[in-house]
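Visitor: Protein chains in written order, with this note's numbering: chain G, 1 to 372; chain W, 1001 to 1372. Using N, Cα and C, we set each Cβ at its ideal position, and we do this for glycine too.
1) Residue 1120 of chain W: which of W:1178, W:1138, W:1205 sits nearest, CA to CA?
2) Residues in its own chain within less than 6 Å of residue 1200 of chain W by CB, not counting five upstream and five downstream?
3) Any C-beta of chain W within less than 7 Å: which residues of the region 279-305 of chain G qualify?
4) Mapping the DSSP letters down to three states, classify residue 1174 of chain W as helix, strand or coil.
5) Report the option in W:1071, W:1093, W:1301 whose CA atom is closest to the CA atom of residue 1105 of chain W.
6) Helix, strand or coil, according to DSSP, for residue 29 of chain G in the structure here?
7) Tell me, to the nearest whole angstrom, how far the beta carbon of residue 1269 of chain W is from that of residue 1230 of chain W; I am working on the premise that it is less than 8 Å.
8) Measure from the C-beta of residue 1080 of chain W to each C-beta in chain G and report whether the shortest distance is under 8 Å.
9) Are residue 279 of chain G and residue 305 of chain G close, meaning C-beta to C-beta below 8 Å?
10) Could you tell me which chain G residues have their CB closer than 7 Å to the CB of residue 1126 of chain W, listed as they occur along the chain?
11) Residues in the region 237-264 of chain G with C-beta within 9 Å of chain W's C-beta atoms, listed in sequence order?
12) Can you name the residues of chain W whose CB is closer than 7 Å to the CB of residue 317 of chain G?
13) What is the DSSP secondary structure of residue 189 of chain G, reduced to helix, strand or coil?
14) Grouping DSSP H, G and I as helix and E and B as strand, with all else coil, what is residue 1154 of chain W?
15) Using DSSP with H/G/I as helix, E/B as strand and the rest coil, what is residue 1263 of chain W?
16) Kindly indicate which residue of G:288, G:162, G:237 has the alpha-carbon position closest to the one of residue 260 of chain G.
17) For residue 267 of chain G, which option in G:311, G:302, G:297 has the closest C-alpha, if you only look at C-alpha atoms?
18) Spell out whether any CB of chain G is found under 8 Å from the CB atom of residue 1013 of chain W.
19) Within 8 Å (strictly less), CB to CB, does residue 1197 of chain W reach chain G?
20) Closer than 7 Å by beta-carbon distance: list the chain G residues that pair up with residue 1168 of chain W, in chain order.
21) Got a sec: is the Cβ-Cβ distance from residue 1276 of chain W to anything in chain G below 8 Å?
22) Interface residues of chain G around residue 1349 of chain W at Cβ under 8 Å?
23) Count the other CB atoms, across all protein chains shown, that sit within 10 Å of the CB of residue 1361 of chain W; report buried if there are 16 or more and exposed otherwise.
24) Could you tell me the distance, in whole angstroms, from the CA atom of residue 74 of chain G to the CA atom of residue 271 of chain G?
25) In chain order, which continuous runs of the alpha helix (DSSP H) of length 4 or greater are located wholly inside the region 1060-1102 of chain W?
26) What does a CB cutoff of less than 6 Å around residue 309 of chain G pick up in its chain, not counting 5 residues either side in sequence?
27) Pairing CB atoms from the region 83-103 of chain G with CB atoms from the region 28-42 of chain G, are three or more of them under 8 Å?
28) In the DSSP assignment, find the unbroken beta strand (DSSP E) run with residue 355 of chain G in it and report its ends.
29) Who are the Cβ neighbours of residue 62 of chain G in its own chain at under 8 Å, not counting the five residues just before and after it?
30) Taking residue 336 of chain G as the query, report the chain W residues whose CB atoms sit under 9 Å from its CB, ordered along the chain.
31) Output the residue ranges of the beta strand (DSSP E) runs that lie fully inside the region 287-311 of chain G and measure 3 residues or longer, sorted by chain position.
32) Could one say the Cβ of residue 320 of chain G lies closer than 8 Å to chain W's Cβ atoms, at least one of them?
33) Check whether the region 1129-1143 of chain W touches the region 1220-1228 of chain W, taking contact to mean three or more Cβ pairs, one atom from each stretch, closer than 8 Å.
34) Can you look up residue 350 of chain G in the DSSP assignment and give me helix, strand or coil?
35) Assign residue 386 of chain G to one of two classes, buried (16 or more other C-beta atoms within 10 Å of its C-beta) or exposed (fewer than that).
36) Quick one: what does DSSP say residue 121 of chain G is sitting in, helix, strand or coil?
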């Protein structure tokens, strides 16, 4: 891979660490590791001053689509905290953008898209364009993998060669469809859910299209260097059980099955946020390797709903991280000890909040890594 | 009660229907009734043209605090659909307003309150004022009970004397605290949840104050005629399990226990929205009589988590009601048949949406009431 990024020469494969040396990957493959590996959703984000400095230089899509910038942003939290996972800096809406849907990130508002509401809107989407449009993302992944794994890539300053696993990701079809149909964020995503009831054939067509495009994009990320992939279904909890089966579990199962067929050794993490009572069914029916749990999930109950070899990820409250103080290491200890003896990736139940003091993240990582 | 509302004379108690004749109350007391009784959260609301007409005449707080208006609004859906339950037209924020917190409902924004963030802000709250400030609400309940139960109160046009039960309600302490601390609605209620972590003693003081005031207000509602009461914890799903225990279950348990001590025969419905895996624990530890389930809850799984005699309420998707069509009676049938043989109150998983066509509500009630 290094030849494509202008390196002086390809690394000797014997010098690259074996995948099984990375603690995060060992857990995702079903091994209980103590203390648990740790990374945080939105660890590369606005709470970091070095992120805010880069943010001023380029708009959101430019940051995602410029390998220099996206690589740097992805690595910022790895330099500071030596996380066990580095998650690609990108966005779940890069997929509809790559298919030709207009997308803008407006300060104080969030994403704004030209809504997809009729068959003619769907007809204009171009899934065949995704590979070319996301080529810069794949270049970012190649650079990241080299920065993380190749000994002596000192200029990147990561400082723990070969310990950090590279994570790719995508939004799950239902959640991406929510933004595509609504045209932006929403509390209820009423237009989207109305379409699912009133025009099920049209909505199924959108979900099918996203299911195939998402599987293809995750495979491309793996081929560019991602060692694990995560599927974010942030709005899964809006759905009643029958629609959860149809719009969350079934697309998740198809994506996991396609990724596994092409890349059988790469673990898949599923995050059906606010899936509540249905997380057990999601885990067993999709065939994912790890289940990410939101803040509200009781870990002991959730652990009882999934097979013992399935890794669990989560689920510290981002507000606990923001508040800091003595409650933070105490909450971290409760979480890691509840899952001791099981494969567990320490993470938050939702993303790091922008107002979080960076030193709280350091304190959290230290608490999670205490050997006793 | 009629003497207090200026009626010509007190009704003969023998003419009043026995509580046990009302299908909703039989279910809340643990009896399986077929077809299930039905009412809808926010059944008195903006989707009704007759509600919008009244809405233009008075602001929100005036509507809540004027017995003529609040009585009329509460009865509007009973006249149209003959619901089995009539829920008092009021708001969960009437309690902090009655304690002296400033409150305004701004069109397109929602409630706006002067935030309570410091001990001095709490000191200014006056729980001892609640009884007097909410006297008009109690008058509304007395009028409603008479309108629903006294034969020949034809002017009110309810048209099914003695079949509809009167439901009182309150916001649960955590959810009310969210609005009080934040100063309005929010996606994350970050200030509130930060306070709970960073200033637990202050937050506990607020929750304690609300717990006592809520129990007292629910008892007053019962004394004014409410035959069942419901506790809305709309934001319970934001909390991690340890805080769910402390800020949702424990206050719920204290409120249920106080209401039961003073009014042992009045059933209490608890609604820990998005409580997910924790709804079983909520139901068994609070001592409520009925558990209201949100849209995301799988009814068969939830039924397995609670004692067989505990009534379940819910949980049709409000978007399914909005969309209408063939999917609506089909979804209603799935819900009622899943819970057949158990005590079940048919309801939505969240409130009726303003854009809902009123005829869809009629179609739903008809579907729920089909005898076969």
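Guide: On the basis of the supplied data:
1) W:1205
2) Listed in chain order, the non-local C-beta contacts of residue 1200 of chain W below 6 Å within the same chain number zero, local neighbours out to five positions each way being set aside.
3) 295, 296, 297, 298, 301, 302
4) helix
5) W:1093
6) coil
7) 4 Å
8) No, its Cβ sits nowhere closer than 8 Å to a Cβ of chain G.
9) Yes, the pair counts as a contact, with Cβ atoms nearer than the cut-off.
10) In chain order: nothing, as chain G lies at least about 29 Å away.
11) 237, 238, 239, 240, 241, 242, 243, 244
12) 1240
13) coil
14) Note that residue 1154 of chain W scores 48 on pLDDT, short of 50, meaning its location in the model is unreliable; the coordinates nonetheless yield the value given after this. In this structure, DSSP gives residue 1154 of chain W a helical state, which the three-state scheme calls helix.
15) coil
16) G:288
17) G:311
18) Residue confidence is low: residue 1013 of chain W scores 44 on pLDDT, short of 50, so the model does not pin down where it sits. No coordinate-derived value is stated.
19) Chain G, which has a Cβ nearer than 8 Å to the Cβ of residue 1197 of chain W, makes this yes.
20) Going along chain G, no residue has its Cβ under 7 Å from residue 1168 of chain W, so there is no contact; the nearest lies around 27 Å.
21) yes
22) 240
23) buried
24) 20 Å
25) 1060-1065, 1067-1081, 1094-1098
26) Cβ within range, chain order: 30.
27) Taking a cut-off of 8 Å for Cβ pairs, the region 83-103 of chain G and the region 28-42 of chain G touch, as three or more such pairs fall below it.
28) Unbroken run through residue 355 of chain G: none, as it is neither H nor E.
29) 69
30) Within 9 Å Cβ-Cβ: nothing; residue 336 of chain G doesn't reach chain W, min ~14 Å.
31) Every unbroken stretch of the beta strand (DSSP E) spanning 3 or more residues and falling wholly within the region 287-311 of chain G is given here in chain order: 290-292.
32) yes
33) yes
34) In the three-state scheme derived from DSSP, where H, G and I count as helix and E and B as strand, residue 350 of chain G is classed as coil.
35) One cannot answer for residue 386 of chain G here, as it falls past the ends of chain G, which runs 1 to 372.
36) helix
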